[in-house]
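For the sequence shown, UniProt numbering begins at 1 and goes up steadily by one.
Don't be surprised by glycine CBs; every beta carbon is placed ideally from N, CA and C.
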Amino acid sequence: MVASIPSVKLNDGTRIPILGYGSGTKWFKRGESTGLDRNLVDATKNAIKLGYHHLDGAEVYGTEEELGIAIKESSVSRDQLYVTTKVITNISDIPKAIDESLRKLQLDYVDLYLIHSPFFAKSDEDLQKAWAEMEKVKESGKARSIGVSNWLQNHLEAVLKTAKIVPSVNQIEYHPYLQHSGLLDFHQSKGITTTVYAPLTPATRAKGGPVDSILDSLAKKYNTTEGNVLLRWAIDQGAVPITTSSKESRLAEYLETLKFKLTPEEVEEIKKLGEQKHFRAFWTDKFAADDRS
């Protein structure tokens with residue numbers, strides 16, 4: 001059975017499905033690994049078949065070609081899919097970068113184009129200049145929406161001083177052990193949607209912490225998994241989680257997230273317990289060990 005994943009409206013009027021399938025993390029190509037990964041093509045086709053029409057990629061993952069082939073080989077029409085990619089490797093030439101990404105994806109446009117991180121910039125002006133190039137990409141029709149990823153409030157504030165278009169999205173690592181105090185509230189105040197990677201961290205990389213027992217009890221209460229409780233925790237705060245797996249059974253399991261909701265009290269309890277531990281899975285070289293921003 002194909003799931004129908006609901007969507008939320010972005011600040012530019014377009015809609016984004018509330019659960020996405022990612023082609024990074026476990027699929028990320030490192031070093032000399034440049035050949036076509038047929039496993040990823042097949043896994044992505046399976047995800048599409050199950051109802052994951054929100055597909056999240058990036059030039060730095062080295063997997064845009066696989067994503068494009070999966071889209072071509074799937075039986076779902078392009079207008080039913082929501083495709084994201086990101087720029088960082090070729091951030092100095094964004095017009096060239098988007099053209100190269102579209103070529104690899106075999107698409108005329110992406111639904112969402114993100115600056116993958118702010119850490120290339122030596123100044124606010126560098127961020128502002130890159131954002132002006134992103135605005136041109138949107139105006140050209142090569143991206144329906146534009147946004148950022150891994151940006152903190154100070155980076156967003158710098159760009160908002162000169163932006164003609166407010167970023168639609170900031171995609172960040174977000175889970176109970178990395179809550180970025182105040183950042184989600186700032187997003188909300190500016191109409192920026194939070195999309196989330198590594199949402200399952202407390203049940204995977206950081207297992208053995210203060211949210212273990214509440215995840216266990218809520219999983220029993222809702223007859224689901226701890227991972228699904230974490231996905232729901234993000235969704236119930238208005239965020240859009242991205243997850244991945246090569247296993248069709250696991251992807252089908254994630255869709256159970258759509259069948260229940262946490263109470264506001266349960267969301268708060270997970271938040272409160274999560275604040276007792278700090279764990280960052282990505283970009284650890286950019287932050288001090290105790291930096292929760």
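Opening and closing residue of the alpha helix (DSSP H) in which H155 lies: 153–160
| task | Go ahead and pull the three-state DSSP assignment for S293. | result | coil
Quick check on the burial criterion: 16 or more other C-beta atoms within 10 angstroms. Buried or exposed for E64? buried
How long is the line joining the alpha carbons of K271 and R280, rounded to whole angstroms? 16 Å
Original post:
How big is the Cα-Cα spacing for E173 and D124?
Top reply: 22 Å
Comparing C-alpha positions only, which one of S149, E139, I94, K138 sits nearest to F119? S149
- [ ] Consult DSSP for Y174 and reduce its assignment to one of helix, strand or coil.
- [x] coil
Q. What do you get for K259, buried or exposed, if any count of 16 or more other CB atoms within 10 angstroms of its CB means buried?
A. exposed
Q: Identify every run of the alpha helix (DSSP H) within the segment 226–287, keeping only runs that are complete inside it and at least 4 residues long; order them along the chain.
A: 226–235, 248–254, 264–274
*Look at the Cβ atom of L67, then the Cβ atom of G57, and state whether they are nearer than 7 Å.*
yes
Next on the checklist: I'd like to know if the segment 90–98 and the segment 203–220 are in contact, where contact means that at least 3 CB-CB pairs between them fall below 8 Å.
Outcome noted: no
- Query: For A43, which residues from the same chain have a beta carbon less than 6 Å from its beta carbon, with the 5 sequence-adjacent residues on both sides left out?
  - Reply: S246
- Query: Whole-angstrom Cβ separation of P199 and H175, contact assumed at under 8 Å?
  - Reply: 6 Å
task = Tell me, to the nearest whole angstrom, how far the beta carbon of I242 is from that of G62; I am working on the premise that it is less than 8 Å.
result = Going by Cβ atoms, the distance from I242 to G62 rounds to 17 Å, so no, they are not a contact pair.
Reduced DSSP secondary structure (H/G/I, E/B, other) of Y61: helix
- Item | N- and C-terminal bounds of the beta strand (DSSP E) containing I94 | I94 -> not in any beta strand (DSSP E); alpha helix (DSSP H) instead, spanning 94–105.
Next item on the list: In angstroms with no decimal places, state the Cα-to-Cα distance between L127 and L81.
Entry: 30 Å
Which value, in whole angstroms, describes the spacing of the CA atoms of S4 and E133?
-> 35 Å
If you follow the alpha helix (DSSP H) that H54 is in, where does it begin and where does it stop? From DSSP, H54 is part of no alpha helix (DSSP H) but of the beta strand (DSSP E) over 54–56.
Kindly provide the ranges of any beta strand (DSSP E) runs that are 3 or more residues long and lie completely inside the segment 107–140, ordered along the chain.
-> 110–115
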